[in-house]
Amino acid sequence: MNRKIPAAPMIFLLVFLLVWEIAVRATGVPAWLLPAPGQVAGTLADMLPLLLEHSRSTALAAAVGLAAAILVALFLAALMDFAPWIRQGVYPLLVVSQTIPIISVAPLFIIWFGYGILPKVVVVALVCFFPVAVSMIEGMQAADPDMVNLLRVMGSSRWQVIRLVRFPAALPSFFAGFKIAGTYAVMGAVIGEWLGATSGLGVFMTRAAYAYQLDRVFAAIIIISLISLLLFAAIEILARLVMPWYYKERSKG
Amino acid sequence: MNRKIPAAPMIFLLVFLLVWEIAVRATGVPAWLLPAPGQVAGTLADMLPLLLEHSRSTALAAAVGLAAAILVALFLAALMDFAPWIRQGVYPLLVVSQTIPIISVAPLFIIWFGYGILPKVVVVALVCFFPVAVSMIEGMQAADPDMVNLLRVMGSSRWQVIRLVRFPAALPSFFAGFKIAGTYAVMGAVIGEWLGATSGLGVFMTRAAYAYQLDRVFAAIIIISLISLLLFAAIEILARLVMPWYYKERSKG
Amino acid sequence: SPGGGSPGSGGEELKPVTVMLDWVPNTNHTGLYVALDKGWYEEEGLQVDIVQPTQGGTTQLVATGKAEFGVGYQEDVTQARATGVPVVSIAAVLQHNTSGFAAKKEEGITRPRDMEGKRYGGWGSPTEEAVLKAVVEADGGDPGKVEIINIGTADFFTAIERDVDFAWIYYGWTGVEAELRGLEINFLELRKLDPALDYYTPVLITSEKLIREESALVEKFMRATARGYEFAITEPEEAGRILLKYAPELDEKLVLASQKYLSPRYRDDASCWGEQKEEVWDRYARWMYERGLLPKMIDPASAFTNRFLPE
Amino acid sequence: MAEIILEEVTKTFPVDGQSVSVLAGISLSVAAGEFVSLIGPSGCGKSTLFNIICGLVKPDSGRVLLGGRDDVRAGEMVSYMPQKDLLLPWRTVLDNVILAREVAGEDKETVKREARQLMPLFGLAGFENCYPAELSGGMRQRAALMRAILARRRVLLLDEPFGALDAITRTRMQRWLLEIWDRFKQAVFFITHDVEEAVFLSDRIYVLTSRPARLCLHLDVDLPRPRRDALLTEPRFLFLKKQILDALLGG
Amino acid sequence: MAEIILEEVTKTFPVDGQSVSVLAGISLSVAAGEFVSLIGPSGCGKSTLFNIICGLVKPDSGRVLLGGRDDVRAGEMVSYMPQKDLLLPWRTVLDNVILAREVAGEDKETVKREARQLMPLFGLAGFENCYPAELSGGMRQRAALMRAILARRRVLLLDEPFGALDAITRTRMQRWLLEIWDRFKQAVFFITHDVEEAVFLSDRIYVLTSRPARLCLHLDVDLPRPRRDALLTEPRFLFLKKQILDALLGG
Ligand SMILES: Nc1ncnc2c1ncn2[C@@H]1O[C@H](COP(=O)(O)OP(=O)(O)OP(=O)(O)O)[C@@H](O)[C@H]1O
Ligand SMILES: Nc1ncnc2c1ncn2[C@@H]1O[C@H](COP(=O)(O)OP(=O)(O)OP(=O)(O)O)[C@@H](O)[C@H]1O
Ligand SMILES: [Mg+2]
Ligand SMILES: [Mg+2]
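Residue numbers (the numbering used here), protein chains in the order written: chain A, 63 to 315; chain B, 63 to 315; chain C, 3 to 313; chain D, 62 to 312; chain E, 62 to 312.
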């Protein structure tokens with residue numbers, strides 16, 4: 063990635079907003095159906111203090127949940143590398159864990175985790191750990207088998223093979239999963255807030271939607287997107303810090 | 063993966079169900095909160111014809127949406143490889159597309175796509191394309207830069223470099239994303255049904271939930287999980303067919 | 003924080019109590035927020051936390067005691083009790099059912115049989131289908147000719163833009179919004195179509211266990227809550243503003259207009275706010291049971307109680 | 062006409078914070094149809110020089126002319142066999158060796174037929190449908206060489222093509238390379254560590270010093286062609302060999 | 062005592078549907094402190110033989126004894142330098158060369174100090190903190206060799222350690238390898254394509270035929286030690302060399 067033209071995303075965004083604004087004006091879509099960006103911007107400015115207050119609890123839940131997801135995912139990936147039967151037994155359960163619509167077991171969540179930040183964190187973790195775990199597992203499997211063999215001949219334990227070869231080899235794949243998870247984290251927190259909460263952007267959005275104020279809904283979406291983009295950028299920077307060898311090699315040409 | 067012990071997942075599943083059954087009986091959790099597996103199995107058997115009927119439209123939406131997602135993801139990944147400014151401009155938009163809580167823009171969906179199968183397919187595609195796109199993009203970036211250079215010296219066009227090196231090199235990563243997407247597909251269709259539908263497992267679940275028939279909700283979840291697992295297994299088999307070189311290398315040891 | 007209880011003014015320990023709404027805070031809940039805002043719960047020694055829930059979870063959570071009180075519907079309580087979920091209705095928020103079927107004026111739906119050949123947008127509950135069928139049939143129409151579409155979470159105004167001709171609304175919120183928008187609608191009020199359908203919606207609920215073991219708590223809660231609703235009945239404007247204070251995300255115009263519409267309807271023709279009649283419970287439960295919506299008939303007398311209403 | 066001309070090419074790499082000068086002003090040329098070898102200590106910058114010719118690495122200063130021009134795409138003129146074999150792991154041997162021709166848009170089946178006939182020559186008969194991971198080190202190198210030769214460009218850049226081959230195979234491949242070269246009149250630019258091999262094959266030899274690489278010897282190999290095995294013991298041959306070894310030792 | 066004993070080892074690979082016999086009954090041994098070389102045509106099965114000794118490939122039949130036993134983990138006795146360098150791309154040169162000792166649980170800092178002192182010997186001084194991608198082909202090979210030697214096991218398996226090195230560096234590394242070997246009394250099992258190198262370094266030499274590999278020559282190198290450069294032109298040396306070349310040609 064060329065770091066010299068950070069203007070590109072801005073330009074794309076502006077074009078996107080412009081098209082949207084023009085489309086709304088040209089077709090005369092009413093504001094309660096699809097507000098124009100200009101109107102949303104106005105609302106955003108008006109509601110900013112309230113939005114920021116709600117953002118705080120959402121962002122916190124997203125961050126904590128994401129961190130928990132990463133730990134769980136790394137642990138599971140390492141575990142599954144130990145024996146094929148663990149892999150074969152656990153992998154389907156992971157898949158199943160993702161196919162349960164959280165909303166439909168929401169009461170259980172609240173009974174287990176209460177109304178505080180915990181259920182939100184759990185939802186975020188549940189949503190985020192899967193992409194990281196799969197990317198990590200597949201990335202570890204993709205490690206050069208000859209390098210793994212070399213380590214075996216050196217007398218490495220299984221754990222050493224994981225730590226010295228499989229984990230570092232899986233890092234690019236891991237960060238792909240991390241980026242996916244990071245993108246989902248804030249959304250996960252918002253969904254978590256639908257399960258029952260007293261504050262957060264999810265609360266804000268449901269209320270605004272209930273009052274037919276789509277401009278407020280969109281203002282909240284913009285905040286969610288911004289937080290997500292920041293998180294995404296942070297992950298990208300982290301990747302560059304953790305894998306200097308990787309980016310060095312790729313910027314040679 | 064050792065293909066000789068497919069018993070492992072079964073054993074894990076049985077242990078899991080057993081723990082669940084015992085936990086429900088021991089703690090006396092009422093059935094309207096968490097039904098025991100035995101009860102769910104009974105309901106599942108009773109409701110099977112109805113569930114299968116509903117499954118058909120859900121599975122169809124999931125399959126069509128997933129296929130569309132793959133195509134879009136591959137197209138975007140290839141597009142973003144053409145120039146850094148496209149990459150920098152489009153990537154953030156992809157992230158933003160994932161941070162919009164679908165439920166909160168459901169009305170727009172319905173205005174645009176009506177109440178047929180289309181909105182479901184769109185939801186599935188929206189949920190699924192992102193993991194595939196990110197995995198593909200990151201996988202293509204991870205391709206050996208020396209191989210890319212070799213192709214350049216051979217006089218390859220950008221598109222040839224993508225087709226001959228970046229795409230095949232990204233396949234293991236692509237399949238990681240595909241597995242994630244496949245896992246989400248059925249869930250995505252169910253969410254799509256919550257936005258409005260006349261049949262499907264999501265409709266079934268909503269109805270059962272209104273009547274406090276959690277055993278039926280769980281029966282539906284089991285069907286969802288089964289379809290998802292089948293899809294997941296199909297993707298795994300596809301990976302083996304598409305990447306014989308990859309699995310050959312990894313089964314040497 | 004919005005909806006949260008404020009710390010006690012006195013030195014004595016306040017008892018924490020959770021109230022789980024049925025959905026987003028709205029004018030049905032005004033009395034709760036008034037009581038909270040005026041400190042009337044604290045006067046009763048309660049520290050009340052009002053939580054916004056997920057759709058459908060409230061009844062179970064109240065039944066398990068995870069929330070002491072909740073907002074529900076008669077239909078829901080009946081369904082729950084028939085399934086064995088031990089919840090009890092302790093007050094009717096509105097004395098009469100203010101919901102009904104609404105359509106744009108140009109659809110020309112002025113009576114149930116006009117629904118023939120039209121498309122109905124519902125949320126997927128089995129009861130609504132039965133209700134629809136019953137009213138169309140009673141008016142001499144063919145319910146088989148009404149197409150039912152699940153519109154899930156989409157709102158009324160969006161739904162009727164495309165694919166849907168009419169839907170079920172609460173007049174006190176959606177109908178008022180239509181008025182504010184100047185959208186002309188035909189509204190068929192449910193209770194006018196069939197007296198059995200004049201059930202209580204919404205109601206306040208609690209669990210059998212709480213009534214059994216901590217009836218004093220329920221009493222205290224209801225005392226403050228009733229005060230809140232009485233205030234909302236007499237001071238709609240101020241009550242509406244209190245609600246807005248706790249849910250600033252809502253639309254001010256809509257809340258105030260809705261409050262004006264609802265305030266006289268909280269008590270309506272009852273002797274006091276919250277009163278429930280066994281007749282209403284019995285009639286609707288029987289109605290549901292006869293249509294196969296309940297696995298078994300409930301005892302209507304134990305589904306509700308008036309004993310916690312202040313004199 | 063000179064196919065390749067380098068004029069005062071310099072290159073510096075940042076290594077561990079400091080900048081290490083690798084090429085310190087290299088000027089050389091390879092004429093059409095010529096066989097030129099490049100010898101130098103390990104790590105002096107030979108592969109870097111090839112990368113510069115191919116346009117993969119930008120020199121810090123100096124000029125690179127291909128076919129007398131500095132605006133020509135390397136791929137059109139040059140076929141490159143890198144030091145790492147860089148076979149594509151997802152392609153069979155047969156699909157790997159035809160890569161350059163496939164890129165050029167030629168009919169795959171025709172090229173495959175041609176490649177199949179050459180397989181025995183490279184000792185790869187029977188392994189057409191193997192993946193690279195199933196080959197031995199020497200077989201991979203031979204496949205990479207075959208890929209470069211099948212590309213049929215005016216200049217062949219070979220970076221240690223015979224490094225992983227045993228003496229016998231190596232000798233056979235050398236003889237055969239000379240035949241090819243004689244037949245197709247390509248220019249060959251050849252990196253090797255084997256002094257004897259360089260003298261035996263080349264028209265001219267450039268010897269580089271260790272890092273930063275400078276030219277320390279430019280040798281015309283005035284031995285008659287065709288070259289025969291008997292040459293290896295002739296005095297003139299041994300003299301040239303000695304000259305190079307001395308240059309390497311002195312450099 | 063014999064460190065390595067192979068008894069009638071056979072190995073067949075499935076290649077393109079058919080099964081190709083690679084090793085057709087190989088018996089050999091390497092005694093403690095001995096320097097033994099293995100020579101054979103490219104693709105005959107030398108690397109496969111090493112993989113079998115290391116336990117990475119299971120022989121179809123035959124026995125492998127390490128230290129006289131068949132139940133010992135290869136890693137405890139053997140240090141292996143594979144033909145591909147297999148440096149870990151995410152580790153610097155320094156971190157790569159200490160890998161085996163780190164795996165053994167030794168204090169990293171101590172081993173790093175030891176490694177830093179050896180860097181100049183391997184021509185890697187100044188590149189300690191480079192990543193492998195920043196090294197030349199020969200430098201990578203030297204780093205891989207250094208990693209194997211730093212492991213300090215009773216047996217060193219070296220698969221073409223000097224293939225990518227220029228003549229001068231190669232000679233220097235050969236001399237130095239003999240010194241190491243003399244000092245630490247490890248047994249060395251050495252694959253090479255260079256017949257001269259094999260004769261110069263070894264106590265004994267095994268020569269394999271082309272696929273399927275059989276032993277076609279087992280040669281005692283009865284040259285005195287320490288070996289000096291002058292040896293290269295002595296008649297006995299040339300005779301042994303000729304014997305091997307004949308075996309290779311005949312095989
Ligand atoms: N994993 C494998 N699958 C199939 N065939 C293999 C595999 N590994 C090695 N072979 C085959 O075994 C034979 C011997 O390979 P090996 O690498 O042992 O040769 P070698 O003697 O080391 O050759 P070189 O000197 O070229 O390195 C080759 O024909 C090769 O194709
Ligand atoms: N991408 C890079 N970044 C930093 N240093 C590099 C890079 N590529 C090459 N070098 C350095 O440039 C020098 C020359 O490398 P090059 O590969 O050209 O050597 P070489 O002459 O081909 O050696 P060999 O015979 O060992 O292959 C080395 O010191 C190497 O460390
Ligand atoms: Mg080189
Ligand atoms: Mg080999």
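The C-beta atom is built at its ideal place from N, Cα and C for all residues, glycine as well.
Residue range 96 to 100 is occupied by the beta strand (DSSP E) that includes L99/E, with no alpha helix (DSSP H) assigned at that position. Neighbours of Y274/A in chain C, taken as residues at a C-beta separation under 8 Å, are given in chain order as D157, F159, E179, D253, L256. Between A92/D and A63/D, the beta carbon gap of about 5 Å places them in contact (Cβ cut-off 8 Å). Taking 8 Å as the cut-off, the Cβ atoms of F171/B and L291/B do not count as close. Proximity of R134/E to chain A, defined by a Cβ-Cβ separation below 8 Å, is satisfied. Under a 10 Å Cβ-count criterion, W42/C is classified as buried, with 16 or more other Cβ atoms of the shown protein chains found around its own Cβ.
Secondary-structure assignment with DSSP links I65/D through a beta bridge to V91/D, L127/D. Any heavy atom of ligand 4 within less than 7 Å of a residue's beta carbon puts that residue on the list, which reads S197/D, G198/D, G199/D, K107/E, S108/E, Q144/E, D220/E, E221/E, I252/E. Counting C-beta atoms within 10 angstroms of its own C-beta, Q178/E has fewer than 16 neighbours from the protein chains shown and is therefore classed as exposed.
The C-beta distance from T160/C to I173/B rounds to 6 Å, short enough to fall under 8 Å. At least one heavy atom of ligand 2 lies less than 7 Å from the C-beta of V81/D. For L269/E, the uninterrupted beta strand (DSSP E) segment begins and ends at 265 to 269. In this structure, L292/D sits away from L301/D, with a CB-CB distance that is not shorter than 8 Å. Nearest to R275/D by C-alpha distance, out of F245/D, Q235/D, K107/D, is K107/D. The segment 69 to 83 of chain E and the segment 230 to 243 of chain E do not touch, with fewer than three beta-carbon pairs separated by less than 8 Å. A distance below 6 Å between beta-carbons, with the five flanking residues on each side excluded, links D227/E to no residue of its chain. Proximity of the beta carbon of E258/D to ligand 2 is not indicated: no heavy atom of the ligand is located closer than 7 Å. Classified as exposed, L80/B has fewer than 16 neighbouring CB atoms from the shown chains inside 10 Å of its CB. As the crow flies, the alpha-carbon of V79/C is around 60 Å from that of S313/B.
S140/D is positioned such that its CB atom lies closer than 8 Å to that of L218/D. The beta carbon of I114/D is closer than 8 Å to those of I65, L67, V125, L127, A135, V139, L218, F250 in its chain, skipping five residues each way along the sequence. Take the alpha-carbon of E258/E and the one of I252/E: they are about 10 Å apart. Annotation for S108/E: no beta strand (DSSP E) segment contains it, though the alpha helix (DSSP H) segment containing it runs 107 to 115. The beta carbon of C277/E does not come within 8 Å of any beta carbon belonging to chain A, so the residue lies off that interface. Distance from V50/C to A65/C at the Cβ level is roughly 19 Å; contact not present, criterion being Cβ atoms closer than 8 Å.
The beta carbon of E239/C sits closer than 7 Å to the beta carbons of L258 from its chain, once the five residues preceding and following it are set aside; these are given in chain order. Proximity of V87/C to chain A, defined by a Cβ-Cβ separation below 8 Å, is not satisfied. Membership of T227/C in the alpha helix (DSSP H) is indicated by the continuous run 217 to 236.
Ranked by Cα distance from A194/D, the first of I199/A, G239/A, V185/A, D208/A is D208/A.
Within the segment 219 to 287 of chain D, the complete beta strand (DSSP E) segments of 3 residues or longer fall at 248 to 252, 265 to 269, 276 to 281, listed in chain order. Per DSSP, the continuous alpha helix (DSSP H) segment holding G100/A begins and ends at 99 to 142. For K106/C, the pairing in a beta bridge is given by DSSP as I187/C.
Judged by DSSP secondary structure, T208/C falls within the beta strand (DSSP E) whose first and last residues are 205 to 209. If the five residues before and after V158/E are omitted, its C-beta is found closer than 7 Å to the C-beta atoms of A176, A204, M207, R208, L211, all from its own chain and listed in chain order. Interface flag for A249/C against chain A is set, since a Cβ pair is found closer than 8 Å. Under the Cβ criterion (8 Å, minimum of three pairs), the segment 287 to 301 of chain B does not count as touching the segment 102 to 113 of chain B.
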